[in-house]
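Q:
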Amino acid sequence: MPTPTKGARLGGSPAHEKLILANLATELFRHGKIKTTESKAKRLRPLAEQLVTKAKRGDLHARRRVLATVKDKDVVYALFEQIAPRYANRPGGYTRITKIGPRKGDAAPMAVIELVEELQVAASTGPSKEARKAAAQQAKVEALAPEDEAPAAAAKGDDVQDDQDAEAPVSASGDKPGDKAEGEDTDKA
Amino acid sequence: MAVPKRKMSRSNTRSRRANWKATAVTTAACSQCKSPKLPHAACPVCGTYNGRQVLEV
Ligand SMILES: [Zn+2]
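Residue numbers (the UniProt record's numbering), protein chains in the order written: chain A, 1 to 189; chain B, 1 to 57.
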């Protein structure tokens, strides 16, 4: 049995829903940041991220698959040539949804969905976590058996390296909002 | 078909409706400008969320 798509159904028919999402994705890639309802933003996010992933692959087949959704060739060109290279070292999570409260008129909850900034430092998610776990286990084993002095020292060295690996992405995410947001804040203040 | 046997008194109607109350919206202080805003949403006054400018003000 096919799993139903998560989120709200949009429009009056499946074809209408497809069109709404395709148009939203096109405008998101054209402007980089669009304001829409929360439900539409939540439906748009997986579609937009799949399109970016295809754009990162960058071959002709991927381009044709993206063109099946995004009909505007200028937008597809911009997606493949400008947007996709920005996310070369980002393992998914190319969009950000920020809620901005109810709309005047029908009080529909609105949100801003935007393409996130370039990642400065490559986020090493998978291997570093495993390495950290392995190091933690080794440290635990050596704490239980403290006779072996030399391996314990080696494990400590591993721990330090792993800590540095773990801290790097955190600082990257801290820097990420820094440039734009803080600059604008100081302008305001 | 089931139908009411008696007219509902004004008193009963009013005592039922007396419990229809609106509640105040929950707000959280904005971390930038300290003005009340919806939790987990961008601030409509300064347009920031999580220290990041989201809306033009
Ligand atoms: Zn604020």
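From the three backbone atoms N, C-alpha and C, an ideal C-beta is built for every residue, glycine too.
1. Does the Cβ-Cβ distance between R43/A and L10/A come in under 8 Å?
2. For the alpha helix (DSSP H) containing R63/A, name the first residue and the last one.
3. Spatial neighbours of C33/B within its chain, please: CB distance less than 7 Å, with the 5 preceding and 5 following residues excluded, ordered by chain position.
4. DSSP has Q53/B in a bridge; who is on the other side?
5. If you compare alpha carbons, which of V76/A, K35/A, P2/A is closest to T95/A?
6. At a CB-CB cut-off below 8 Å, which residues of chain A make contact with P44/B?
7. Using a C-beta cutoff of 8 Å, does V116/A count as contacting chain B?
8. Identify, in the order they occur along the chain, each residue of the same chain with its Cβ nearer than 8 Å to the Cβ of K37/B, setting aside the five sequence neighbours on each side.
9. Does residue 88/B have its Cβ less than 8 Å from a Cβ in chain A?
10. For T98/A, which residues from the same chain have a beta carbon less than 7 Å from its beta carbon, with the 5 sequence-adjacent residues on both sides left out?
A: Looking at the atomic coordinates:
1. For the purposes of this step, residue 43/A is identified with residue 43 of the first sequence, where counting begins at 1. For the purposes of this step, residue 10/A is identified with residue 10 of the first sequence, where counting begins at 1. In this structure, L10/A lies closer than 8 Å to R43/A by Cβ.
2. Position 63 of the first sequence, counting from 1, holds the residue named residue 63/A. Note, R63/A: alpha helix (DSSP H), 60 to 67.
3. Taking the first residue of the second sequence as position 1, residue 33/B is located at position 33. These residues qualify, in order along the chain: C43, V45, C46.
4. Start at 1 with the first residue of the second sequence, and residue 53/B comes out as number 53. Answer is T48/B, bridged to Q53/B.
5. Reading the first sequence from its first residue, position 95 is the one you call residue 95/A. Checked all of V76/A, K35/A, P2/A; the closest Cα to T95/A is K35/A.
6. Numbered from its first residue, the second sequence carries residue 44/B at position 44. Near P44/B (Cβ distances below 8 Å), the residues of chain A are I100, G101.
7. Here residue 116/A is taken as the residue at index 116 of the first sequence, counted from 1. So, not an interface residue.
8. Locating residue 37/B in the second sequence gives position 37, where the first residue counts as 1. Counting only Cβ-Cβ distances below 8 Å, and skipping sequence neighbours, we find T27, A28, A29, C30, C43, P44, V45.
9. Lying before the first or after the last residue shown, residue 88/B is absent from chain B, which here runs from 1 to 57.
10. Here residue 98/A corresponds to residue number 98 of the first sequence, with the count starting at 1. Within the same chain, T98/A has close Cβ partners A111, V112.
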